[in-house]
Amino acid sequence: MARAKTRAENRWQSELIRLESALSLTTDDRLEIHEVIALHGHLSDAGAYERFDEVFTCDLVIDAGDLGLAQLPARAPSRPLLDVYIAAAHRHGSDGPLAHHVTNVIVREDGEGARAWSKGMALNQDGSVASVTYEDQLVRTRQGWRIRHRKISARRKAGHGVEPLSLPG
């Protein structure tokens, strides 16, 4: 006689289905996505903001409202959002963190693109450390994988972070 599945078994089966769908991204795709996410920190630390087109699409959206940052200025119709972000990075430049680090990257297929969650740490000039969670939506372009949308969430309270395996339905 077959027994009824427990809640844990149902969750496990659901997770397996989710993981199987994530396998359609190749190992090369995953590696490139990890490298794109890491490259942002290296370019920021080097002040090489003009190379942000190697990380982001020209129509990127960055949601940093959780950090209390003001919205980027409205752009002119002929000026890509990436240019606005690069200009803001130049203005912030020397006042920004000494070092940007990213770790704990998780990548999942999401329709035509990919979603990634990662942990960011910044070593600030006063010696303090800040922690954030990045939630990225990536698309494959002719130049390779790029981040189209990034949400940055501050880590302020233990146990209240972003759950990375939950894709909106």
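So for the sequence shown, numbering that gives the first Met the number 0 puts the first residue at 0; every next one is plus one. The C-beta atom is built at its ideal place from N, Cα and C for all residues, glycine as well. Since the structure is predicted, the reported quantities are computational estimates derived from the model, not experimental observations.
Within the same chain, 65, 66 and 131 come within 7 angstroms of residue 153 by CB-CB distance, once the 5 residues on both sides are set aside. When 41, 146, 121 and 128 are compared, the shortest CA-CA separation from residue 134 is found for 146. In the three-state DSSP reduction, residue 155 falls in the coil class, being neither helix nor strand. Unbroken alpha helix (DSSP H) runs of no fewer than 4 residues, entirely contained in the stretch 72–151, are found at 80–91, following chain order. When the Cα atoms are used, residue 26 and residue 141 turn out to be separated by approximately 18 angstroms.
The beta carbons of residue 29 and residue 106 sit closer together than 8 angstroms.
In the three-state reduction of the DSSP assignment, residue 35 falls in the helix class.
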